[in-house]
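The numbering of the sequence shown is our numbering, which starts it at 7 and goes up by one.
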Amino acid sequence: MKTRLRADLRAAMKRGGRREAALVRSLIAALDNAEAVPARPEQASLVRHDFGSGSAEVERRRLSDQQVRDVLASEIEQRERAAAELDRLGEREQAALLRADALSATRYLAG
């Protein structure tokens, strides 16, 4: 899925689709965050590493297809809730943009 998202990001940037590029970037970031492993308490302190040592990188979790869909569905739901709140506040244009983003993101749920 991230491969597809990155390809779509490149295509959006080439087209000059700033809004679409921002949406895809945020979806990639949400997946990156979901793949992050929680820090153990003993890792809470800052440890200095030499640049390029590779020791600063931690293993990422591998998400199942269902977990990826769950993350994307959550992102869509957040946009829909925010749009509803903006509507309530009278910000119709911003709400419409968020709804369009949510609708656009649904194409990734199909796989």
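Each residue gets a CB set at the ideal place from its N, CA and C atoms; glycine is no exception.
Measuring C-alpha to C-alpha distances from Arg-105 to each of Ala-116, Met-7, Leu-92, Ala-40 identifies Leu-92 as the nearest. The continuous stretches of alpha helix (DSSP H) do not include Met-7, and DSSP gives it neither H nor E.
Taking a contact as a CB-CB distance under 8 Å, the pair Asp-107 and Arg-85 counts as one, their CB atoms being some 5 Å apart. In this structure, the alpha-carbon of Leu-115 lies about 6 Å from that of Arg-75. As the crow flies, the alpha-carbon of Asp-38 is around 31 Å from that of Arg-98. Nearest Cα to Val-77 within the set Glu-65, Lys-8, Ala-36, Ala-42: Ala-36. Put simply, the backbone Cα of Ala-102 is about 10 Å away from that of Leu-109. For Glu-99, the enclosing alpha helix (DSSP H) covers residues 98 to 111.
DSSP, read as helix, strand or coil, puts Arg-46 in coil.
DSSP places Glu-91 in the helix class (H, G or I) of the three-state scheme.
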